[in-house]
Amino acid sequence: MPDTDAAARFYDALLGWRAGFDASPEAQGYGQFHLNGKVVAGVGPTMSPDSPPHWTTYVATDDIEATTARVREAGGTVVVPPMQVLQAGRLAGYTDLEGVFFMAWQSLDHRGAEVVNEPGAWAWNELNTRDPAAAREFYPKVFGWEHGGNAYYTEWKTADKTIAGMMPIPPDLPPDVPPHWLVYFAVDDVDASVKLAKELGAEQTGPFVDSPAGRLATVRDPQGALFALISGLQEHH
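Heads up: the sequence shown begins at 1 in UniProt numbering, then just goes up one per residue.
Here it is, written out as structure tokens:
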């Protein structure tokens with residue numbers, strides 16, 4: 001985020017998060033959001049002036065070097081080579097065949113979010129793509145995922161557990177809307193939360209949708225990072 005303090009104020013007011021930043025030079029301005037004392041997300045300065053504010057989807061791995069090799073073999077691009085993050089873990093960043101950015105995380109002291117699927121916490125990740133067939137080839141090669149679902153909505157699975165989703169970008173959206181991984185946060189009342197987000201300076205980017213998973217809407221925060229809110233969350237993983 002260009003302004004991590006402003007991001008902390010926004011997500012505190014919207015989701016009840018408390019931000020804590022590591023003041024050491026090695027942390028490079030990175031911080032963590034906490035919900036009821038548990039780590040729920042991370043925040044850091046924008047890596048490049050050309051990089052727009054965004055929420056990043058991380059995928060856990062036991063071997064970041066092997067994952068990086070598989071990304072290359074599958075035709076993806078290594079954007080951030082594997083690197084150590086203090087004693088927390090190792091990360092790397094990639095783009096898939098469509099240029100969609102995502103990251104992998106090999107944990108050491110920090111496994112990731114300590115609370116999920118509760119109001120105020122992460123709930124779902126979804127790939128929005130114009131080339132579902134290419135994604136169905138790429139991600140299984142990199143992470144060993146299987147896929148199910150139906151002709152429109154893909155469910156990514158591992159060990160018989162649904163872990164993420166994928167859907168095509170609607171053709172009526174402008175071509176300048178890039179493919180992307182979308183992060184969902186759970187809330188008690190999506191209508192009330194979207195109303196609050198707009199009062200805090202965010203923009204609702206699409207209509208409310210009643211889906212089998214719950215009622216949802218997409219929002220762009222005051223600095224431009226896109227995310228989704230969902231209430232009435234149904235069990236999916």
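Cβ coordinates follow ideal geometry from the N, Cα and C atoms, glycine included.
For clarity, every value in this text was computed on a predicted model and none was experimentally measured.
Three-state secondary structure assigned by DSSP to residue i
i	result
arginine 130	coil
phenylalanine 143	helix
valine 177	coil
aspartate 210	strand
leucine 196	helix
isoleucine 64	helix
tyrosine 184	strand
glutamate 118	coil
Inter-residue Cα distance where the pair is residue i and residue j
i	j	result
glutamate 146	threonine 154	10 Å
glycine 99	glycine 112	25 Å
alanine 164	lysine 157	7 Å
arginine 215	alanine 92	33 Å
glutamine 87	phenylalanine 21	16 Å
valine 183	tryptophan 55	7 Å
histidine 237	glycine 31	The pLDDT assigned to histidine 237 is 44, lower than 50, so where the model puts this residue is not dependable; a value taken from the coordinates is nonetheless given after this. Distance between the alpha carbons of histidine 237 and glycine 31 is about 28 Å.
phenylalanine 10	leucine 200	7 Å
phenylalanine 208	aspartate 62	38 Å
proline 175	tryptophan 17	34 Å
residue 238	glycine 206	Nothing in the structure corresponds to residue 238, since the chain is present only between 1 and 237.
alanine 134	leucine 97	7 Å
serine 51	threonine 162	30 Å
Residues that residue i bridges to, as DSSP identifies them
i	result
phenylalanine 101	Thr95
glutamine 32	Gly20 and Gly42
valine 59	Ala104
leucine 226	Arg220
proline 168	Thr129
threonine 154	Gly149 and Met166
residue 246	No answer is possible for residue 246: it lies beyond the span of the chain, which begins at 1 and ends at 237.
glycine 89	Val85 and Ser107
Beta-carbon separation (whole angstroms), residue i vs residue j, contact threshold 8 Å
i	j	result
valine 40	tryptophan 105	The Cβ separation is near 15 Å, so there is no contact.
asparagine 117	alanine 217	Not confirmed; about 18 Å, so no contact.
alanine 202	aspartate 221	5 Å
Three-pair Cβ contact test at 8 Å for the region 75-95 versus the region 118-133: no
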